[in-house]
Amino acid sequence: MKRMLLLLVVLLYGIAGRLAAQDVIRPWSLQVGAGYSDTENIPGGFTYGFYLGKRMGSFLEVGLSMYNSTRQTANNADSFASNEGDGSFQVNMSSPNEKWSFFDAGSANCYMIVVGVNPLHLFWQNSRHNLFLAVQAGLSNKHNIHFIYGDKGAKVSIYTNSNTYIGYGARVAYEYQIHKNVGAGAAVMYDHGNKMLTAMATLSTHF
Numbered sequence: 764m765k766r767m768l769l770l771l772v773v774l775l776y777g778i779a780g781r782l783a784a785q786d787v788i789r790p791w792s793l794q795v796g797a798g799y800s801d802t803e804n805i806p807g808g809f810t811y812g813f814y815l816g817k818r819m820g821s822f823l824e825v826g827l828s829m830y831n832s833t834r835q836t837a838n839n840a841d842s843f844a845s846n847e848g849d850g851s852f853q854v855n856m857s858s859p860n861e862k863w864s865f866f867d868a869g870s871a872n873c874y875m876i877v878v879g880v881n882p883l884h885l886f887w888q889n890s891r892h893n894l895f896l897a898v899q900a901g902l903s904n905k906h907n908i909h910f911i912y913g914d915k916g917a918k919v920s921i922y923t924n925s926n927t928y929i930g931y932g933a934r935v936a937y938e939y940q941i942h943k944n945v946g947a948g949a950a951v952m953y954d955h956g957n958k959m960l961t962a963m964a965t966l967s968t969h970f
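Its first residue numbered 764, the sequence shown is counted upward by one per residue in the working numbering.
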């Protein structure tokens with residue numbers, strides 16, 4: 764994951780270097796980011812992703828976005844309760860010398876088509892500031908695994924679930940162009956499919 768982010772950052776700087784001496788219109792933008800997200804199955808997850816967009820005209824932009832959130836937790840307890848699926852719960856109590864170990868892992872993925880506008884370019888065509896207000900729609904995936912292990916007698920319980928939804932929501936992104944083709948900023952997205960709110964710091968290039 765860290766290697767992929769590093770590779771994308773190197774790619775951004777490589778493109779920026781190739782275009783540094785060129786004074787041409789750059790309708791394409793590639794943005795990578797990392798940050799924080801909050802959703803039902805992964806509260807407080809680490810998130811990373813990218814956005815590829817193309818400006819259409821003076822202020823309209825369309826693009827593709829992908830971002831992924833992950834989180835893992837582990838803890839110990841003397842007992843646990845599980846939903847048996849028929850309206851009842853099974854309660855498991857450990858012996859005085861036994862502990863239950865819990866491992867929870869989850870991920871949420873969003874693959875979106877994005878359409879939006881940059882209202883600042885309606886008034887200031889050459890501004891270094893970009894404000895992108897957009898709607899997004901696509902697919903949202905949610906995955907969970909709960910692993911419970913009893914240290915006496917090798918008692919193991921595993922619960923998994925995976926769901927795919929039609930996702931839709933909004934994206935707001937701000938960028939300050941440090942150079943003609945390099946910018947830095949932040950983006951906030953909400954996906955209703957995963958009930959997922961995401962905030963990322965971003966680095967982008969225009970080509």
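From the three backbone atoms N, C-alpha and C, an ideal C-beta is built for every residue, glycine too.
The structure presented is a predicted model; accordingly, all values stated were derived computationally and were not measured.
Which of helix, strand or coil DSSP assigns to residue i
| i | result |
| --- | --- |
| H969 | strand |
| H942 | coil |
| H955 | coil |
Own chain partners of residue i with C-beta closer than 6 Å, once the 5 adjacent residues on each side are dropped
| i | result |
| --- | --- |
| F822 | V880, N881, H884, L885 |
| K905 | N804, A871, N926, N957 |
| V951 | V935, A962 |
Supposed contact pair residue j and residue i - C-beta distance, whole angstroms, cut 8 Å
| i | j | result |
| --- | --- | --- |
| S832 | I805 | 6 Å |
| Q940 | N893 | 7 Å |
| R834 | G816 | With a Cβ gap of about 28 Å, R834 and G816 do not count as contacting. |
| D954 | C873 | 5 Å |
| T965 | V795 | 7 Å |
Cβ-Cβ distance between residue i and residue j below 9 Å
| i | j | result |
| --- | --- | --- |
| M829 | F813 | yes |
| V898 | Y931 | yes |
| Y928 | S903 | yes |
Contacting residues, own chain, Cβ-Cβ under 7 Å from residue i (five flanking each side not counted)
| i | result |
| --- | --- |
| L896 | G879, V880, P882, V935 |
| R818 | P790, E824 |
Own chain partners of residue i with C-beta closer than 8 Å, once the 5 adjacent residues on each side are dropped
| i | result |
| --- | --- |
| I921 | I908, H909, F910, I911 |
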